[in-house]
Structure formats: C-alpha cells, structure tokens
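With this note's numbering as the guide, the letters of the sequence shown map in order to residues 124 to 406. From the three backbone atoms N, C-alpha and C, an ideal C-beta is built for every residue, glycine too. Report on the structure given below.
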Amino acid sequence: MKRRTFVGAAAVGAIVGVPTAVRVASGTDADRLTTERIEDIPVMWIEPSQRRVGNALAIWLNGFGGVKEQTDRYLIELARHGFVAVSFDTWQHGQRSTEQKAALIKRVFAQFRRGMWPILGQSVLETSRIIDWAYARFGLNGNVSMGGFSMGGDIAVAAAGFDHRIDCVAAIIATPDWLRRGMQDGSGNVIDQGTADRYAQFFYDSLNPMTHLDSYSHAPAISFECGADDLHVPAQAALEFQTALNATFSGEPNRMRVHLQPGVGHEVTWASWKRSLAWMVEH
C-alpha cells in the first residue's frame, strides 16, 4: 500500500516541511474560518460547534516558508474535536514577510543560525501573546495544546518551556535542539549553518529546549513524530531530549513519546498527523 504523504517539499537544495501547494479546504467548515490581525500578528481561527472538556485551545503552526492559510484543514479537524483552533503567521512569514518565499529560504539557509534562531525565538514569544488574546477573545481558561510541522513543531516545543500554560505538544518532523547537528540538504550534503550574531544567540541562549531542561519541570505531554530516515531534522535529538527528561517524567512516563516512522524522511504523512491529533485529543 502506498504511503499517503500530504506535506513535504524540497526548496533551494534543502528540505523544508511545508506543503507543496496551498490546499484550501472547502465546505461549510471552511466557511467558518476567520482571519484577523492581533496587533502586528495575522491569525486564522475556527471555533468548534461544541467545546471539549479540558484543553480547549489548540495552536497549530506551519513549517518554514509556510503560511497560516495552509493549516486550514488541520484547524478544521481540531475544531471537529472540540478545540478552538488557531494558527498565525510566524515571524517573517506570510503577511509579515518582506520578501518572496524563495528569497527567505535562500537567505536563512545561507546563515542558518543567524537567520533561523530569531524566527524561532520571536515566534515563541509571540505565542504567549496569542494565548492571551485567545483567552480574552473566546472566554477561555485552563491549559493549551500546541503543535506544528517542522519549524512549527520546533516553536511548539520551545513555547511549552517558555509558557507553562502549554501542557500538550505534538511536534511533527521537529527538533528540541536548535543546533540541528548533522542537518543535511536534499542532496545529502551536511549544511554549513554558519554562526549566530549576538541577536540570534540571545534567542538560543534563552529558549533552546535542549539546553533548558528545567523549563519542562511541569512535565507537559510531548509527542515527537519523526521520520526514521529524516536527514534534515534527525530524530536523534528528540530521543536525547526524551532520555534527558526521564527523571522529570518518571512519575508520568506516558506523557513523553518519540515515534519513528520507518521509511520516512523529512515529510509529514497522514499517519503522523492522525497520531498527533489523537495525542492532542487524549491529553
């Protein structure tokens, strides 16, 4: 049986976890998707017909180079499970971008740490602003679920360490280590990530999950869906993160998992999305 892959693309010699095309959902549910701007952050959201008990807010983010509109079908599915589902354009992406997507990718991969770490860091900080807005806008309280594809998953993991209202994370083809040791491009070449300037280094020093294990003392439920053959975002970092937090999660070992999907590279499969959705619903 052929594996169903619906996210994953190659661009400028590097694999990035974004859809190959904008796939706009259709039908009644899609008509309920709403976009607005929260100060300088463009958001898209949908309310469920009936809110679930427990975590009622779910934030889902796209990968590097992607836009919030490409998360429409995932927001709709989250809403069908009772979540107020929200996405936003991460820093320098979508409506906030000042350059074409190809130029963004080329610029960031030319000096990866200098270009990527501020995107990650600024987006982590902005997640807290989105939560504050959603609490007020929809009359919510309690905890938050968050996830995303590739860079979006990186942001979700880091955000859970920064804002403890996030107590459930579903990260697909993502990493808790911003160093991305051994990261390769689509041709199998190890990417020279360059060096960070002081601005970029500040975000790494403040928010990188692997070097801030104590930020996860609240033991948020974290799921990593990794491609066993992913050479762009190798699964090893997620496995090391899990091992490093064994003591923290010793009382609740089922709140941390790393699933390696055989034969899968840096791509999102239907199965990985469904397992991530089930994780968010369960927790």
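Check whether residue i and residue j have beta carbons under 8 Å apart
| i | j | result |
| --- | --- | --- |
| ALA181 | ALA208 | yes |
| LEU198 | MET167 | yes |
| MET403 | GLY270 | yes |
| GLN384 | ALA394 | yes |
| TYR327 | TRP301 | yes |
| ILE289 | SER246 | no |
| ALA179 | GLY265 | yes |
Which listed residue (the options) has its alpha carbon closest to that of residue i
| i | options | result |
| --- | --- | --- |
| ASP308 | ASN377, ARG175, PHE347 and ALA233 | ALA233 |
| ARG196 | GLY238, TRP396 and GLU405 | TRP396 |
| VAL381 | VAL387, GLU363 and GLU405 | GLU363 |
| GLU170 | SER329, SER373, PHE261 and LEU243 | PHE261 |
| VAL292 | GLY188, SER172, PRO343 and HIS216 | PRO343 |
| HIS389 | GLY186, ARG174 and PRO241 | GLY186 |
| PRO165 | ARG203, HIS204 and SER210 | SER210 |
| VAL190 | PHE272, ALA283, HIS406 and VAL231 | PHE272 |
| ASN331 | ASP163, ARG303 and PHE372 | ARG303 |
| THR250 | LEU227, HIS335 and GLY275 | GLY275 |
| ARG112 | GLY188, ARG219 and SER268 | Outside the shown range of the chain, which is 124 to 406, sits residue 112, and nothing can be said about it. |
| PRO299 | THR158, ILE345 and ASP320 | ILE345 |
| ARG174 | LEU263, SER329, HIS355 and ALA319 | LEU263 |
C-alpha distance - residue i paired with residue j, whole-angstrom precision
| i | j | result |
| --- | --- | --- |
| ASP212 | PHE206 | 19 Å |
| THR392 | SER310 | 21 Å |
| ARG236 | PRO357 | 17 Å |
| ALA257 | ILE296 | 27 Å |
| ASP337 | LEU184 | 24 Å |
| ILE161 | ARG252 | 9 Å |
| GLY244 | MET333 | 14 Å |
| THR221 | GLN215 | 7 Å |
| GLY305 | VAL313 | 6 Å |
| GLN324 | TRP240 | 7 Å |
| ASP315 | SER172 | 48 Å |
| ARG146 | TYR339 | Caution applies to ARG146, whose pLDDT of 42 falls short of 50 and renders its modelled position unreliable; the value that the coordinates give is listed next. Approximately 35 Å between the Cα atoms of the pair. |
| LEU203 | ALA367 | The sequence given here places Arg at residue 203; Leu does not occur at that position. Cα-Cα distance, rounded: 35 Å. |
| ALA294 | PHE347 | 5 Å |
| ALA361 | ASP286 | 20 Å |
| SER373 | HIS406 | 17 Å |
| ASP255 | GLN365 | 29 Å |
| ILE242 | ILE228 | 12 Å |
| GLN359 | THR318 | 22 Å |
| ASP320 | SER329 | 14 Å |
| SER399 | SER268 | 11 Å |
| ALA282 | ARG219 | 20 Å |
Residue i, buried or exposed, once every other Cβ within 10 Å from all chains shown has been counted against 16
| i | result |
| --- | --- |
| ASP154 | exposed |
| HIS341 | exposed |
| VAL280 | buried |
| GLY350 | buried |
| ALA401 | exposed |
| GLY386 | exposed |
| PRO376 | exposed |
| GLN193 | buried |
| GLY284 | buried |
| VAL176 | exposed |
| GLY217 | buried |
| ASP353 | buried |
| ALA259 | exposed |
| LEU156 | buried |
Any non-hydrogen atom of the ligand COA closer than 7 Å to residue i Cβ
| i | result |
| --- | --- |
| ALA208 | Of ligands this structure carries none, so the ligand COA is not represented either. |
Inside the stretch 210 to 251 only - alpha helix (DSSP H) runs reaching at least 4 residues: Entirely contained in the stretch 210 to 251, the alpha helix (DSSP H) runs reaching 4 residues are, in chain order, 224 to 233.
3 or more residues per run - each beta strand (DSSP E) lying fully within the stretch 282 to 326: For the stretch 282 to 326, whole beta strand (DSSP E) runs of length 3 or above, ordered along the chain, are 289 to 295.
Minimum length 4: unbroken alpha helix (DSSP H) runs contained in the stretch 380 to 406: Within the stretch 380 to 406, the complete alpha helix (DSSP H) runs of at least 4 residues are 393 to 405.
In chain order, each beta strand (DSSP E) run of at least 3 residues that lies wholly inside the stretch 158 to 215: Along the stretch 158 to 215, the beta strand (DSSP E) occurs as fully enclosed runs of 3 or more residues at 164 to 169, 180 to 184 and 207 to 211, listed in sequence order.
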